[in-house]
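According to our numbering, the sequence shown is numbered sequentially starting from 648.
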Amino acid sequence: MNEQHLEPLKPHPEGRSLRAEVHLGRIARNLDRIRSASGGREIWGVVKANAYGHGAVPVGRALEEAGVHGLAVSNLEEGLELRQGGIECPILVLGGLRPEALPAASAEALTIAVVGPEHLADYARILPQHPVRLHLKLDTGMGRFGLLPSELGDCLPDLRRLGAWIEGVMGHFATADDPDQGFAHRQRRIFDACLAQLADAGIHPAQRHHGNSDACLRGLLDQDTHLRPGLALFGLTTIPEGHALGLEPALELVAEVARVKAMPAGATVGYGRTFVAPHPLQIATLACGYADGYRRDLGNRAMVGFQGRTFPVVGRVSMDYLTVALPLDVPIAPGDPMVLYSADPSAPHGLERLAQTLGTIPYELTCALHRRITRRFFP
């Protein structure tokens, strides 16, 4: 977004004005780029955690219209939200389900990941009455969900009983973003060995997917038929291959100036008086705080954008507000919009730069954006 042409925000009835600007066309273009980079493989677009803070239903609709094979979510509630939003493509619940939730999943035609051996017998008992498609998850090295290779042999009798419903088999890379790809290749070898063991038992899933965003960008797809990008869809990447592919960040966070005041030298700002004005300046208070998901530890460290320039966040970020310091000669008034998260990866207030400042990853910042923030969607 061109910060010089931001329109003033329309105040909400409760008197706060804060919005995330989400560009759905960029997400659709990112999908096309990822599809091309993967050799045309089908894509499960991951939209868990409210599409990483971008808005699950609008993003899901945009991906469905752009030809995504299906959408992947974390839990049943997220899958039901998409169905209630009118989304008809396949929806894969990555976190698995307890057996008692299978009827609800079946009613909404959700696809379920099998994440361990605990419920295999229950699934075999319930699925004839409440059928769902299954994707068997293998733990090839992530150490969270999935059947361990050492468990697979003992599970084969139950898996054969479930064979009619097993549509896919999946894994998850632990180090696809690491320059050293040794462990990723080890995980791939384990995955291939498990696939061979399943085939020997007469289980031949039509879909195979181990590749996440970084695995796709680095070509770690091997015999996968599908892939599961999440962050790359939103243009968020921490590896050079993502930038080389031209992925476009899709979100900007914009806040309204609530008040402006001139402050003399020596004046202090915020809890703990952590900022002392070195000279006369203006303090703009913005209606955004850590309750909205803007990190408290960005105080005295972050920059925000205003009319093509950047200015520092000063003082501690509080629950509902943060403060920005500007020279006295900068024209600014209540209602003016400032950009807190920029879609320009190179900008001081871009998500990548802010994440580096905090020693974290960009998607932690977007996932933290509270649902009370207004989301405005653009084609």
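Yeah, the Cβ is synthetic: ideal placement off N, Cα and C, and Gly gets one too.
Contact between G815 and Q854 holds, since their C-beta atoms are separated by about 3 Å, short of 8 Å.
Within the same chain, L710, V715, L718 and L880 come within 6 Å of G692 by CB-CB distance, once the 5 residues on both sides are set aside.
V704: member of the alpha helix (DSSP H) spanning A703 to E712, first to last residue. In this structure Y988 is buried. Its beta-carbon is surrounded by 16 or more other beta-carbon atoms within 10 angstroms. Q929 sits in a strand when the DSSP states are folded into three classes. By the C-beta density criterion, V986 is buried, having at least 16 other C-beta atoms within 10 angstroms. By the criterion of at least three beta-carbon pairs nearer than 8 Å, the region 825-835 is not in contact with the region 799-815.
Counting of Cβ neighbours within 10 angstroms places D861 among the buried residues, the total reaching 16 or more. For Q854, the secondary structure class from DSSP, reduced to helix, strand or coil, is strand.
Annotation: V740 to H782 spans about 9 Å, alpha carbon to alpha carbon.
DSSP places F881 within a helical segment (H, G or I) once states are collapsed to three. In its chain, beyond the 5 residues on either side, P1026 have a beta carbon closer than 6 Å to the beta carbon of G672. H670 counts as buried, since at least 16 other C-beta atoms from the protein chains shown sit within 10 angstroms of its C-beta. DSSP, read as helix, strand or coil, puts S753 in helix.
Spatial neighbours of T932 in its own chain (CB-CB distance under 6 Å, excluding positions within 5 residues in sequence) are listed in chain order as A905, R906, Y968 and T970. With a 10 Å radius around the Cβ and a threshold of 16 neighbouring Cβ atoms, K908 comes out exposed. Contact check for R780 against T758 passes: the beta carbons are separated by less than 8 Å. DSSP lists V901 and T1021 as the beta-bridge partner residues of R666. Per DSSP, the continuous alpha helix (DSSP H) segment holding T1004 begins and ends at L998 to L1005.
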